[in-house]
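Numbering (this note's numbering), first residue to last: 4 to 842.
Ideal Cβ placement from N, Cα and C applies to all residues, glycine included.
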RNA sequence: GCGGCUGUGGCGAAAUUGGCAUACGCGGUGGGCUUAAAAUCCACUGGGGUUUUCCCCGUUGUCGGUUCGAGUCCGACCAGCCGCACCA
């Protein structure tokens, strides 16, 4: 008897699949399509079981769908541009391309060893000009439409990355790549994509994703976009002496109804008006000093959270446009320049922050909203702000109105009188994409002294990265130090000009890569529209929760831009999203720096890919974090050995026998002996539940447990030759093999062959379960008295209620609990349970 | 502070719809096979009792509610994890 030898089996079948081109697909409108995709990896470090879990889940889905008759697109590629490659290249004195391509080769080898059913012809690598030229092409289309623009702005700067970061890449004030490095702010001229233009759509369309995307991700995106509706109101500055007539301060508020309660205006320290207001005011000297102090103080996020509110009076007053009341203008550290207008009205009685500020600086706290019912607020007993809706008071002509009405009327009046307007403000900002580094897509523009910013003509794309940059990891973009790249003729006037030397954020690469898989070698366009129309949207996307905002928000934005460019007809690229849990060791995610990595290749060497795949599926449900255990994995290994031995034991006897149900034939096996009946019943019951777990519930761990149970049952019925005909043996073993095939494809293919099949297992369809064979003829009925189990009955299935009750009452365990009492009622769940209610 | 998720044996976990809680696996204990070990096979593995193909009790973070019946539904609380966080 040959032992289960995963290395030999896995190599054998991987070669067969490749030779037979089993996983290669083309658009084919005669078949239903299914696009399943795992997030593309960044080729760095070693592939560990965390990666493998992601691809295993996707591969199970791909294989099940294929067995179900779908035309399945399941591609793989590389997120190959990026800072770590550049840094590693500097460190190892090599070129980022060399470093990256070595990693890709390594990653690819490991992925192939796990037998994932990718169509490798569609492989893409984002650092290749064939790919990134289309980043440039998209950028130019956005530029033409004003969706890409350049401006000087305060940006996040990571001193370790030596580059600008997007807001999404700043985590609690720290760099997302360097958890110990505080992000600084700098004033830099850079390129932005107008994500804000799509803010409303990005928010609205989240509704269409409900059900298909995890609620968590939808909520996170909704919060990130952060819509609030309110009004902008202009306050005139009362006494600005420098003659700037009409000088005014604009604030944003969501509670215009409380404006009569404003006791100050508060500006952000960075507000441009602050210095103007201070000039010549009574508070000029003290104010300047405080402002300097405030602007210099730490931007560290956790300090900001706990920091006290501090502020100072500017010496100026503003006029409430509704009441004409004169109120002081302050500067406050808690007011954000980046949100709204950079200025707020301070309504202490009805806003917690304002209350805190006003209490500290002894500003007035006028009450202008009273609760609709219940205790009325009085000035002397106000201990905290009342932020609920209610009824306006002390609000001039608006007194007596409900909050809702007051808001509507007051914003309408403000609009009519020209000092305000209704406005919606978003937390989402435009996406800054300039990076001052080498290893990324060059931004395809040229700066000409005569013509200004000039787009590189499409015909000149791609703008290639120079091959021999001086990489220092410091200062401005390495491209700037490469004269043959920088110096260029202006496409318009032909004069001397300079190229843009920044490169694009790598999230640009991953914002549309899944479209390229549909047509990866097209050199005329990013892709053929017809192919994309066939495959899209992605039916199932699988990846980590870490990308809940960044990648998934940018991708949605990109899709909408593409739609408006007429390149796609849908508005959302991803119909269903699944976020799998992390693989951890010692309670933390695997990472090289922590040294707790379980290498995928080591795994394949020790146990084989199938055991690795099975274990990651079995140890926890896919959405939950999985704690890796070297002990538990032995169980998966033992199980595959058991199954292998089981099939081998019977292979000889069943080889020549004709297959029945596994080949999809109409005629079913029928049970003759009791043993056959029991075996087939268990098998089809298992098949029914496994099918459900695979198709809709994604309870792979539960499915495996069921298959293990079936295996145990078959084992317990040995010797099968005694009482089970070979055709029934064959049927059962085939179904067992097919159920395992999506998860452990190599051993399944091998067993399929052992069972006498010439054609590969991948030709087989997912088997249908037979309800008749699965049906129980005899059932166990639980007898409860007042909800507590007091006995059990074995009766034929489908026995009517009136026959069961006498049996139940007569049960020895039941009798003592009902005697001397009256059975008030009985609840019967057919074939399952009977509950006698006594009083 | 706001929002979300999670809480079940020694451990990972299971339980369509409210219907036998702890399936499946790991670990552990005992046994068969072996000169021995590994592998493998068998039995047991919530507590207690016992006449051991038998009986009783407890139990899904805590407290309460709905229900004939709650791990599952509702309310409050506790703990842990994640996200957002002075967003006006």
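Between the C-alpha atoms of residue 237 and residue 292 there is a straight-line separation of about 28 Å.
Taken in chain order, the complete alpha helix (DSSP H) segments of 4 or more residues contained in the segment 200-252 are 202-207, 209-212 and 218-228.
Distances from the CA of residue 446 to each of 437, 638 and 334 were compared; the closest alpha carbon is that of 437. When DSSP assignments are scanned along the segment 525-553, the uninterrupted stretches of beta strand (DSSP E) that are 3 or more residues long and fall wholly within it turn out to be 543-547.
When DSSP reads this structure, residue 155 sits in a beta bridge with 192. Here residue 676 carries a coil assignment [DSSP, helix/strand/coil]. Three or more Cβ pairs closer than 8 Å define a contact, and the segment 406-419 falls short of that threshold against the segment 457-476. The segment 256-274 makes contact with the segment 351-369; the number of CB pairs closer than 8 Å reaches 3 or more. Residue 449 sits in a strand when the DSSP states are folded into three classes. Within the same chain, Cβ atoms closer than 6 Å to the Cβ of residue 134 are found at 127, the five residues on either side in sequence being excluded.
Exposed is the label assigned to residue 462, since fewer than 16 other Cβ atoms lie within 10 Å of its Cβ. Within the segment 748-774, no run of beta strand (DSSP E) at least 3 residues long lies entirely inside it. Straight across, the Cα-Cα distance linking residue 61 with residue 496 is about 52 Å. Between the beta-carbon of residue 784 and that of residue 821 there is about 16 Å, and that puts the pair past the 8 Å contact cut.
Using a Cβ-Cβ distance cut-off of 8 Å, the segment 792-809 and the segment 751-770 are not in contact, since fewer than three pairs of beta carbons, one from each stretch, lie closer than that value. Boundaries of the alpha helix (DSSP H) harbouring residue 137: 132-147, taken from the DSSP string.
Close CB contacts of residue 54 within its chain, under the 7 Å cut and outside five residues either way in sequence, are with 44 and 603 (chain order).
Within the model, the alpha-carbon separation for residue 352 versus residue 371 is close to 8 Å.
Bounds of any alpha helix (DSSP H) do not take in residue 371, whose DSSP letter is neither H nor E. Under the three-state reduction of DSSP, residue 520 is assigned to coil, being neither helix nor strand.
Judged by DSSP in its simplified three-state form, residue 410 adopts helix. If you draw a straight line from the Cα of residue 330 to the Cα of residue 630, it comes to about 60 Å. The residue from 263, 731, 695 and 619 with its alpha-carbon nearest to that of residue 677 is 731. With 16 or more other Cβ atoms inside 10 Å of its own Cβ, residue 653 counts as buried. Residue 509 and residue 363 have their C-alpha atoms some 46 Å from each other.
From the listed residues 24, 59, 33 and 675, the smallest Cα separation to residue 40 is found for 59. Under the three-state reduction of DSSP, residue 30 is assigned to coil, being neither helix nor strand.
For residue 456, the enclosing beta strand (DSSP E) starts and ends at 455-458.
Between the alpha carbons of residue 65 and residue 85 lies a distance of about 29 Å. For residue 721, there is no enclosing alpha helix (DSSP H), as DSSP marks it with neither H nor E. A contact between stretches requires three or more CB pairs, one per stretch, nearer than 8 Å, and the segment 335-346 meets this requirement with the segment 271-287. CA-CA distance, residue 745 to residue 67, rounds to 6 Å.
In the DSSP annotation of this structure, the continuous segment of the beta strand (DSSP E) that includes residue 829 starts and ends at 826-832. Scanning its chain for C-beta atoms nearer than 6 Å, with the 5 sequence neighbours on each side dropped, one finds around residue 49 the residues 602, in chain order. Residue 711 has no beta-bridge partner at all, per DSSP.
Between the beta-carbon of residue 769 and that of residue 741 there is about 7 Å, and that keeps the pair under the 8 Å contact cut.
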